[in-house]
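Asker: Pasting in a structure now, in structure tokens, and then I'll have a few things to ask.
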Amino acid sequence: MVNCLDDELQLVLSLEPDGINEAALIWARATAVRDQRPEPLTGEEKILGIQRRLQLEGAKLLVANREDSCVGFALFAPHEESLEIFYLAATPEVWGSGVASSLLVAVEEYAKSIGRAALELWVIDDNSRALAVYEGSGFVGTEQVKHDQLSGQIERRMLKEIC
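In my numbering, the protein residues as written are 595 to 757.
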């Protein structure tokens, strides 16, 4: 799968250790900046979460590269009628440049190609940057919320009908 809105951005499915490590570092850096904490040097603490989700049947890791650097990723897996996005992140340096939107377009195309009627995800309820990206891509917030035990954050479920 190579497709995107940005001519300089390459999207590639990857299960290679390098792709997992790069995704983990992006996730760690993005959450640190979002939460106003010091940025980590590695993504080591996020690797287990990514590996756990990749063990789900049909799970995929989509990596966004620009100029030979990994700048974003999406991790998703199909359910019976929908496709769930577990993680979507971009390096802070490319926030606002369309990397996340390009990843969402590619994930939606993949979901359609495997016959799924909707996309779903959980987002931290006060993450205004992520909410804006998802809403701009057609996701609608639901009334479903949950308390994430690890982060202590409240998360809201979002849906997007695609068929």
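Even glycine gets a Cβ: it sits at the ideal position worked out from N, Cα and C.
Which residues mark the beginning and the end of the beta strand (DSSP E) in which A658 is found?
Answerer: Unbroken beta strand (DSSP E) run through A658: K654 to R660.
Asker: For the segment 667-684 against the segment 609-628, do three or more pairs of beta-carbon atoms, one drawn from each stretch, fall closer than 8 Å, so that the two count as touching?
Answerer: Segments in contact, yes.
Asker: In the DSSP output, which residue or residues are listed as bridge partners for K754?
Answerer: BP columns for K754 point to L713.
Asker: In or out: T636 buried (at least 16 other Cβ within 10 Å) or exposed?
Answerer: With fewer than 16 other Cβ atoms within 10 Å, it is exposed.
Asker: Can you check DSSP and say which residues form a bridge with V606?
Answerer: Answer is V657, bridged to V606.
Asker: Mapping the DSSP letters down to three states, classify L677 as helix, strand or coil.
Answerer: The answer is strand: DSSP assigns L677 an E or B state.
Asker: Is it the case that the segment 722-739 contacts the segment 688-695, given that we only count it when at least three CB pairs across the two stretches are under 8 Å?
Answerer: As far as the Cβ criterion goes, the segment 688-695 touches the segment 722-739, which means the pair count is three or higher.
Asker: Please report how far the alpha carbon of A724 lies from the alpha carbon of L744, in whole angstroms.
Answerer: If you take the alpha carbons of A724 and L744, they lie about 19 Å apart.
Asker: Run the CB neighbour count on T625, radius 10 Å, all protein chains shown included, and call it buried at 16 or more, exposed below.
Answerer: Buried: at least 16 other Cβ atoms inside 10 Å.
Asker: Beta-carbon within less than 6 Å of Q738's beta-carbon, same chain only, minus the 5 sequence neighbours each way: which residues are those?
Answerer: Within the same chain, Q738 has close Cβ partners R751.
Asker: Taking E737 as part of the beta strand (DSSP E), name the residues at either end of that continuous run.
Answerer: Note, E737: beta strand (DSSP E), V734 to H741.
Asker: In the DSSP assignment, the alpha helix (DSSP H) including P611 goes from what residue to what residue?
Answerer: From DSSP, the alpha helix (DSSP H) with P611 extends over P611 to R628.
Asker: Would you check if the segment 605-613 and the segment 653-660 touch, i.e. whether three or more CB-CB distances between them fall below 8 Å?
Answerer: Yes, the segment 653-660 is in contact with the segment 605-613.
Asker: What residues in its chain sit with their C-beta under 7 Å from that of A711, if we drop five residues either side in the sequence?
Answerer: Within the same chain, A711 has close Cβ partners E675, S676, E755, I756 and C757.
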